[in-house]
Amino acid sequence: MPVSQQERERRHDRPQAGPERFGPRRSLVGRETETVVLAGRLRDPSVRLLTLTGPAGVGKSRLAAEAAAGAADFFDEVRCVDLAREALPDRVPDGHVLLVLDGCDQPDVPPVAGIGELIASNDHLVVLATGQEPLRVYGERLLPVAPLPVPETAAAAEPDVQEVQDVPSVALFIRRARDADPGFALTAENVAAVAEICALLEGLPLAVELAAGRLRLFPPHVLLTRLRHRTTILAGGPLDAPERHRSLTALARWSCRQLDPGQRAHLEQLAVFERGFGLAMLVRVGAEDVLETLIDKNLLTVVDQELGEPRFAVPEPVRSFLLTELEQAGGTDAALDRHASEYQRLVTATEPRLAGTEQEKWLGVLAAESGNISAALRRLRARGDREAVAALVTACRQPWLVQGRLREGLDWCDGLAEDGPGDGGGTLPEPVRARLVDLSGTFTAALGDPDMAVRRHRRALALCKRLGDRRQGALVTARMGRALLLLGDPSGAQAALGPALATLESLGAAGPAAEAGTALAGALRVQGETRKGKELLDRALDAYRRIRDPRGLATALRESAAFAEDAGDLDAADRALRESLRLYDSIGERTELPATLESFALLLLRASPGQQPRAVRLIAAADALRRGFGGKVPDERWGVLEEALAGLRERLHWTGFATAWAEGLRLAPGAAVAEALAAAVPAPHAEQESPAAQPLTPRQVQVAMLVSEGLTNRQIAGQLGISEWTVVNHVRQVMRRLNCTSRVQVAWSVGRWP
Amino acid sequence: MAVTVNGRTETAADPAEQATGHLSGLLAAVAPPEEVAARFRAEGWWRDETFLYDLYRTAATDPGRPAIVSQRIHRPADRRTVTVSYAQLALYVDRFAAALDRLGIGAGDPVAFQLPSWWEAAALTLACLRVGALAVPVLPTVRAHGLERILEGSRARICVVPDVWEGFPHAQALADLAPALPWLRHRVVIGDAAATGALDFAGYFQRTPHERGPRARRLGLRSDRADRISLMITVMSLGDAYAAALHTPNTLYANISTQRDPAGPGRRPGEVFYSALPLTSLASLLYSVCWPLAVGGTGVYQDVWDPGSCLDLMAAAGVNQAYAAPVYWSEVLAAQQHRPRELGALRLLLSGGRTSTPAQLLADLPGALGAPVRTVWGAPELGMGTVTRGDTPAERNAESDGRPLPGLEVSVVPAEGVGDARTSQLRVRGPSVCLATWQRGGGPAPLITWDRDEGWLDTGDLAKADGLGGVQVMRRAGERLGGIFLVPVAELEERLLTHPRVREAAVVGYVDPEYGEMPCAVVVPTTEAEPPGLVELRDHLAGRGVAAAFLPTRLELVGSLPRDDRGELRKEGLRSWLARIRPGVPRPVPVPAPDA
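Protein chains in written order, with the numbering used here: chain W, 39 to 792; chain G, 1363 to 1958.
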């Protein structure tokens, strides 16, 4: 039935539900795809009933209104019914009619039968419904509406304004913030807080709008602090909006209103879980039966669907609301205890499996559950159960090292060590304290502070000696040796590692022995005892392969690459580093990955001179990764990297370098590994024949001159203002390039230098 | 670390950097003057959407509708035709885009792909648009030397190739080039990727559901992409040189939005389009990818040219309109005359592009295929330029290439020293003209169309007014051999004739797989028993002062040169003849004169 343009306008000239009832319509933020898809679905002749489903406050009504306006040309007539204010019409006009039924989830509306009748009454009627869950009418088509995408907050230490402002949830925040405060702008100062606010609110448009409105009261960082506790503090929506849209508490209460007491109890238990818990946990707390109902009602969301097993979260603000309710009902403690004990059980059960063939799988589970494990730890500490905390922390050693949760780990160790008796928990037994101090040393070393690490390990060693625990003593000694090596004291390292290795081997501790052997091999290599070091390293490699420990093997392979590179066998170095990268990638390693990426980049510069941008990207990625977990580059490596980067800056020019650097910073760990592995394998004869043919760098000439003057490494270091370690490295390079075996020969060679 | 970089610093490139061809930073800001863009929008030639909007809209309305029907000749007979529905294409575009994103490809990063006419190439083009990357399609015939130049010049971060295609080991060639291509981050291979240590396309792009990953949802549809440069079309030329045209979704869309003649290509909803050209050419990307999307229709293509299977495919897929160069149509005509197929759905044939269509072919095609023929003139800089209306004697006699599309301004004002009194440079301006061109080997930096000459762009073709409000294209840029380093054809021909054993001579360009377009001497010997040799002729020319770069690199001996009824050399015929003969294969007679 044709309708005149005028008529069409008149019919549309009715108040729209939603927050923007006057003034020109503003386009929706971040809903381009949904708008296009919805417009397309309404044009599908087979669609008679289309339901927009999604959590309350996600913007279903606005989207429906937008679609209705956009579909005006396609339909003879468009009618919008807000079921909160009006009843379902008994009949609809004839013709090609679009009937928008907003709010089919009203408490007292049983619309299903009515809608079915309406559809049956007009063969050309199309119904667009909105509701928290499907209507379950035969022939219904669904279009789920998800919250807006949020910026990544974990990955980048310093979020970039340009990048963050285009993320839809932030764009919406900015728009609404300007409504409340015309002077608002996203700047380097507030971008991190705004990004985190949007992430905390999980991109739910209504929550983002309410938060932005609060900017007239608080600056973003204050608002963030308040929201971190509970998002349900947000209120102050427009008075003419429906009650449930005026505060997040009201919104969440409304969302949960249809739950029966059993479902509600399950959901309250799940609310104490952090985002991303697995199906196994859901089953363990007995919530499996209500799983589908809760997902259907959008009270439980599936997150990170890409990775094999689904993971879940109770969305905000429902979670905050339920936690508040739980607290008021006095049920919090029980729920938290249940949560904590489940995670204690998980970590304890997993620990023995982290050493063997299932390492990859279980590290993955623990990484996904890491937020919840931390929550369990906090609960145990609040309860004053320090031994339980200590047990859990020591069990988290390996997973935290892999995940790069080093600062967090260090804080737990130090916190436990500091809490004296009198805070209700009592003193921890000495063996436990020894382990914690040792663990804190490991975390410190991984963070790039070997000096402090050595001191911590010494303290742990003293405790062990008193306890007479040989095995633990050897373990600690070995770790101290490793830290000494990082500190640039290879002979000290050798002195510690040698005996430790012997003890560990005699005790049959294959894994720890291989770890000590790898470190000792490194110490020997640095001191020029290549043959002996290589033997040790090969033994460690064999052991790791035998016990199938990917993480240990990856570390040993990196060391073996260093041996190969020193021997001028670039192919072997390349192979070893590639395998190391693959292994690290398979277990999701963070802590050790940067160093391997850097080694690979430096090797690449030697073996494939045409791959400079790739080397820059890898070094940048390593830098970003390390900053992500708060680590710093050990000094010995810094000198080498600095020199390589200076060369790269010069060769690539400023723009080229900056471009590649920016590309590298964007790389996620997996992508960084892929970036490295994509480098062409160097041609077998690339450069091998002539390390001697390479000219010395200016710095190396300087070092060579000083060597020929008879200065010791320490003196040279003092004179040039660089670390002794760096001098050792330079001298090794000089000797190799000049084909010398002793410092005297260097003096001769330098004499011929022009 | 001292270096902090955000996306903006790239534009601060110093001139030395620009000279090395750093495109992405420069291209981010390229736009026509605001009032021009506003006018194009007001006319409806440009829009605030991209082809992705079309894709998702149709995928929502009719998910099962075929978006692509692609024939793969090397597959078993019953699985030769691959149909990709709109829902599948939308999903693959999401997936490929998220895969690119995960590899670190962001807005402005060039992504090259040298693929046969497979649906993957279409999906990749769209995925590039989704992440804001610059798609750099490369013709399958380009060989290592040319590919290296393109990858080096564009600084492509990723290059996707088949393992082996038509006997050429693309994956190996790319692997060999890779160490010397500093900016190439990933080699991706369709087929056996492991052999060359490349990323496996099937495993990484097709089978990993990247679209469900945590970052994928952030890749929203963005209407501002409609005006961002997203496609780089390269045209190989002599030696190392090549030219590139840089298009936005809107310059491509202007080819379609301006089609107001319903009897012409038009914009009929749901039509099925066939193109015989490689999918990685601008003509095919426009005609069999963009156009079908814009009208909610289907694009049809085949990966190996064969006139018989082309006809079978057109019949099976219900093709409504088809485009091919004349040389393809003459083969189709012969195949159809040999064994007629029922082509009931076919309503329009388009012929032309870079070459003109012989009058005889124009006359014979409609009867044999049951649909009228329109000839078109086009160029990489603008897509389709002119189209005939199919009803004037001049058009039937191949004396007119038709009228420009609405909105496209065409100038044939004679310029000093170019052409004769009646022909002149063919210059264009309008919504479909690319926003920048770039001459690798000719000029250092991209030339921004709207920054120079008030938006006029010289296509390199020569034309004259046809007296009917349209134009007749007299000589295509390709005829000026070598495009950039102009080979002095007339001079060469003249000097060849001074050789005692040469009776007639013509110099025509051919595309060498390794080195791009090179000059070929086509010679009629004075005595058939004693023809001149190539080395001999080169020495002869060099002795008469011809520069080494211009010496012919190929010699073909013929009994006579094809000429039209006015006695003028039919170089177009010669060139397509050259393109179709292979070394060591008996030569047919060059395209005969119409009366032969």
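We put the beta carbon where it would ideally sit given N, CA and C, even for glycine.
Check: Would you report the Cα separation of Ser1650 (chain G) and Val1500 (chain G), rounded to the nearest angstrom?
Finding: Working through the second sequence from its first residue, we reach residue 1650 (chain G) at position 288. Working through the second sequence from its first residue, we reach residue 1500 (chain G) at position 138. Cα to Cα, Ser1650 (chain G) sits roughly 16 Å from Val1500 (chain G).
- Query: To the nearest whole angstrom, what separates the beta carbons of Tyr2003 (chain G) and Thr71 (chain W), a pair I think is in contact under 8 Å?
  - Reply: The structure shown has nothing for residue 2003 (chain G), since chain G only spans 1363 to 1958.
Is Leu1561 (chain G) buried or exposed, if buried means 16 or more other CB atoms sit within 10 Å of its CB? Walking along the second sequence from the start, residue 1561 (chain G) turns up at place 199. Buried, since its Cβ has 16 or more Cβ neighbours within 10 Å.
field: the stretch 510-522 of chain W touching the stretch 479-490 of chain W, judged by at least three CB pairs closer than 8 Å
entry: yes
Worksheet entry | Residue from G:Asp1589, G:Ala1645, G:Leu1711 and G:Ala1607 whose Cα sits closest to the Cα of Cys1796 (chain G) | Stepping through the second sequence from its first residue, residue 1796 (chain G) is reached at position 434. Nearest of G:Asp1589, G:Ala1645, G:Leu1711 and G:Ala1607 to Cys1796 (chain G), Cα basis: G:Ala1607.
- Would you list the one or two residues that DSSP bridges to Gly1745 (chain G)? Here residue 1745 (chain G) is taken as the residue at index 383 of the second sequence, counted from 1. Bridge partners of Gly1745 (chain G): G:Ala1741.
- Message: Beta-carbon within less than 8 Å of Leu679 (chain W)'s beta-carbon, same chain only, minus the 5 sequence neighbours each way: which residues are those?
- Response: Locating residue 679 (chain W) in the first sequence gives position 641, where the first residue counts as 1. Glu636, Leu640, Ile657 and Val671, listed in sequence order.
With burial defined as no fewer than 16 other Cβ atoms inside 10 Å of the residue's Cβ, what is the status of Gly61 (chain W): buried or exposed?
Numbered from 1 along the first sequence, position 23 holds the residue referred to as residue 61 (chain W). Any answer about Gly61 (chain W) is weak, because its pLDDT of 46 lies below 50 and its placement is not dependable; what the coordinates show is given next. With fewer than 16 Cβ atoms within 10 Å of its Cβ, Gly61 (chain W) is classed as exposed.
ask   = Between the stretch 260-280 of chain W and the stretch 305-324 of chain W, are three or more C-beta pairs nearer than 8 Å?
value = no
- Using the Cα positions of Arg435 (chain W) and Asp507 (chain W), report the straight-line distance between them to the nearest angstrom. In the first sequence, counting from the first residue as 1, residue 435 (chain W) sits at position 397. In the first sequence, counting from the first residue as 1, residue 507 (chain W) sits at position 469. Cα-Cα distance, rounded: 20 Å.
Discussion item. Strictly below 8 Å CB to CB, what residues from chain G border Ala82 (chain W)?
Written reply: Taking the first residue of the first sequence as position 1, residue 82 (chain W) is located at position 44. What sits at residue 82 (chain W) in the sequence shown is Asp, not Ala. Here the neighbours are Ala1422, Thr1423 and Asp1424.
Decide yes or no for the touch test of the stretch 1652-1662 of chain G against the stretch 1418-1427 of chain G: beta carbon pairs closer than 8 Å, at least 3 of them. yes
Does the count of Cβ pairs from the stretch 675-694 of chain W and the stretch 1445-1452 of chain G closer than 8 Å reach three?
no
query = Excluding sequence positions up to five away, which residues of its chain have a Cβ less than 6 Å from the Cβ of Leu690 (chain W)?
reply = Here residue 690 (chain W) refers to the residue found at position 652 when the first sequence is read from its first residue. The residues are Gln650.
Worksheet item: For chain W, is any of its Cβ atoms less than 8 Å away from the one on Pro1894 (chain G)?
Response: On the second sequence, position 532 is the one that residue 1894 (chain G) refers to. Chain W, which has no Cβ nearer than 8 Å to the Cβ of Pro1894 (chain G), makes this no.
Review point. Name the DSSP bridge partner or partners of Trp1800 (chain G)?
Key: In the second sequence, the residue the question calls residue 1800 (chain G) occupies position 438. Per DSSP, G:Ala1606.
Exercise. Does the distance from the CB of Val1864 (chain G) to the CB of Leu1858 (chain G) come in under 8 Å?
Worked result: Translated into the one-based positions of the second sequence, residue 1864 (chain G) becomes position 502. Translated into the one-based positions of the second sequence, residue 1858 (chain G) becomes position 496. Their beta carbons are under 8 Å apart, which means Val1864 (chain G) touches Leu1858 (chain G) by this criterion.
Q: Using the Cα positions of Gly1575 (chain G) and Arg1457 (chain G), report the straight-line distance between them to the nearest angstrom.
A: The count along the second sequence starts at 1 and reaches residue 1575 (chain G) at position 213. The count along the second sequence starts at 1 and reaches residue 1457 (chain G) at position 95. Their backbone Cα atoms lie some 10 Å apart in a straight line.
Inter-residue CB distance, Gly97 (chain W) and Val183 (chain W) (contact presumed, cutoff 8 Å):
Within the first sequence, numbered from 1, the residue matching residue 97 (chain W) stands at position 59. Within the first sequence, numbered from 1, the residue matching residue 183 (chain W) stands at position 145. That pair is a contact at about 7 Å.
Got a sec: which bits of the stretch 1492-1513 of chain G sit with their beta carbon under 9 Å from any beta carbon on chain W, in order along the chain?
none
Margin query: Can you find the residues in the same chain that come closer than 6 Å, C-beta to C-beta, to Gly463 (chain W), ignoring five residues on each side of it along the sequence?
Written below: Residue 463 (chain W) sits at position 425 when you count from the first residue of the first sequence. Below a pLDDT of 50, predicted positions are generally treated as unreliable, and Gly463 (chain W), at 45, falls in that range; the measurement from the model is reported next regardless. For Gly463 (chain W), where only same-chain residues beyond five positions count, the Cβ hits under 6 Å are Gly422 and Arg424.
List, in chain order, every chain G residue whose beta-carbon is nearer than 8 Å to that of Gln650 (chain W). Residue mapping note: residue 650 (chain W) aligns to position 612 of the first sequence, counting from 1. The answer, in chain order, is Pro1544.
* Going by alpha carbons, who is nearest to Val440 (chain W) out of W:Tyr622, W:Asn410, W:Pro189 and W:Ala107? -> Counting from 1 along the first sequence, the entry for residue 440 (chain W) is found at position 402. The option with the nearest alpha carbon to Val440 (chain W) is W:Tyr622.
Would you tell me roughly how many angstroms separate the C-alpha atoms of Leu1675 (chain G) and Leu1940 (chain G), rounded to the nearest one? Residue mapping note: residue 1675 (chain G) aligns to position 313 of the second sequence, counting from 1. Residue mapping note: residue 1940 (chain G) aligns to position 578 of the second sequence, counting from 1. Cα to Cα, Leu1675 (chain G) sits roughly 27 Å from Leu1940 (chain G).
Select from the stretch 618-650 of chain W all residues with a C-beta closer than 8 Å to any C-beta belonging to chain G, and list them in chain order.
Ser646, Gly648, Gln649 and Gln650
*Complete runs of the alpha helix (DSSP H) confined to the stretch 84-148 of chain W [at least 4 residues]*: 98-108
| query | What does Leu705 (chain W) touch in chain G if you count any residue whose Cβ is under 7 Å from its own? | reply | Start at 1 with the first residue of the first sequence, and residue 705 (chain W) comes out as number 667. Simply Gly1466.
- Query: Secondary structure at Glu196 (chain W), three-state DSSP: helix, strand or coil?
  - Reply: Walking along the first sequence from the start, residue 196 (chain W) turns up at place 158. Three-state result, Glu196 (chain W): coil.
* To do: Tell whether a beta-carbon distance below 8 Å holds between Pro258 (chain W) and Ala231 (chain W).
  => Taking the first sequence and counting its residues from 1, one reaches residue 258 (chain W) at position 220. Taking the first sequence and counting its residues from 1, one reaches residue 231 (chain W) at position 193. Going by C-beta atoms, Pro258 (chain W) is nearer than 8 Å to Ala231 (chain W).
Between Arg49 (chain W) and chain G, is the shortest Cβ-Cβ distance under 8 Å, so that the two count as touching? The count along the first sequence starts at 1 and reaches residue 49 (chain W) at position 11. With a pLDDT of 41 at Arg49 (chain W), under the threshold of 50, the modelled position of this residue cannot be trusted, and the question is left open.
Check: So Arg376 (chain W) and Gln307 (chain W) are in contact, right, with Cβ under 8 Å, and what is the actual spacing, rounded?
Finding: Start at 1 with the first residue of the first sequence, and residue 376 (chain W) comes out as number 338. Start at 1 with the first residue of the first sequence, and residue 307 (chain W) comes out as number 269. Right, their Cβ atoms sit about 7 Å apart.
Strictly below 7 Å CB to CB, what residues from chain W border Tyr1415 (chain G)? Within the second sequence, residue 1415 (chain G) is the residue found at index 53, counting from 1. Those are Val74, listed as they occur along chain W.
State the beta-bridge partners of His1548 (chain G) as determined by DSSP.
Looking up residue 1548 (chain G) in the second sequence gives position 186. BP columns for His1548 (chain G) point to G:Ile1520.
Just the C-alpha distance for Ala122 (chain W) and Gly169 (chain W), rounded to the nearest angstrom, thanks. Residue numbering aside, residue 122 (chain W) sits at position 84 when the first sequence is read from its first letter. Residue numbering aside, residue 169 (chain W) sits at position 131 when the first sequence is read from its first letter. Taking the straight line joining both Cα atoms gives about 12 Å.
Is there at least one Cβ from chain G nearer than 8 Å to Pro187 (chain W)'s Cβ? In the first sequence, the residue the question calls residue 187 (chain W) occupies position 149. Answer yes: the Cβ-Cβ gap between Pro187 (chain W) and chain G drops below 8 Å somewhere.
Using the beta-carbon count (16 or more within 10 Å), is Asp1471 (chain G) buried or exposed? For this step, residue 1471 (chain G) is matched to residue 109 along the second sequence. Answer is buried; the Cβ neighbour count reaches 16.
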